[in-house]
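Every letter in the sequence shown is one number past the one before it in this note's numbering, and letter 129, counting from 1, is 115. Below you'll find the structure, written out as structure tokens, and then a few comments.
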Amino acid sequence: KRHLHAVPARDATEEELVRAAAAGDRAAFSALFRKHARYVGAVVYRILRSSEDVDDVVQETFMAAHRSLASLDEPGALRRWLVTIAVRRVHRRIAARDKKRRLNEDLASRRGQGHVYAPAIYAAALTCKQSPFFPPRHH
């Protein structure tokens, strides 16, 4: 078994890179990023149909992957795992965008009816954070 530190990242197998990155080797993780970021970005772009959030989603995907790389049972499945993380992040982003749009529409319609809402309440609803105006949420 070779140690990555003794082998240039370009000569290492993907499995070696995954194991080394999981053990904290930054060069190995960088090599994995260079190898897969474009593909993950293309998948994200196809779902979003816009380049607006692609870079953010790719960055979030690789940050999440970096934190959880040691839990990857099958190093050969890295690309599939990265795409799964990215797709979940895209779906969350779309859901948040839709929620914000619905809240904006609701706020606009209520303003038209003479209702006024405090910005703190509206901001708490948008970010789904606990507010003193709402009871605690139980997940």
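The C-beta atom is built at its ideal place from N, Cα and C for all residues, glycine as well.
C-alpha distance - residue i paired with residue j, whole-angstrom precision
{"i": "residue 75", "j": "residue 50", "result": "10 Å"}
{"i": "residue -3", "j": "residue 59", "result": "22 Å"}
{"i": "residue 82", "j": "residue 88", "result": "10 Å"}
{"i": "residue 63", "j": "residue 30", "result": "18 Å"}
Burial state of residue i (16 or more Cβ within 10 Å)
{"i": "residue -1", "result": "exposed"}
{"i": "residue 56", "result": "exposed"}
{"i": "residue 70", "result": "exposed"}
{"i": "residue 94", "result": "exposed"}
{"i": "residue 72", "result": "buried"}
Range of the contiguous alpha helix (DSSP H) that encloses residue i
{"i": "residue 46", "result": "40 to 54"}
{"i": "residue 5", "result": "0 to 8"}
{"i": "residue 36", "result": "Residue 36 -> no alpha helix (DSSP H), and no H or E assigned at all."}
Distance CB(residue i)-CB(residue j) smaller than 8 Å
{"i": "residue 39", "j": "residue 79", "result": "yes"}
{"i": "residue 129", "j": "residue 47", "result": "Because the chain here runs from -13 to 125, residue 129 falls outside it and cannot be looked at."}
Quick one: any contact between the segment 4 to 12 and the segment 23 to 37, if contact means 3 or more CB pairs under 8 Å?
no
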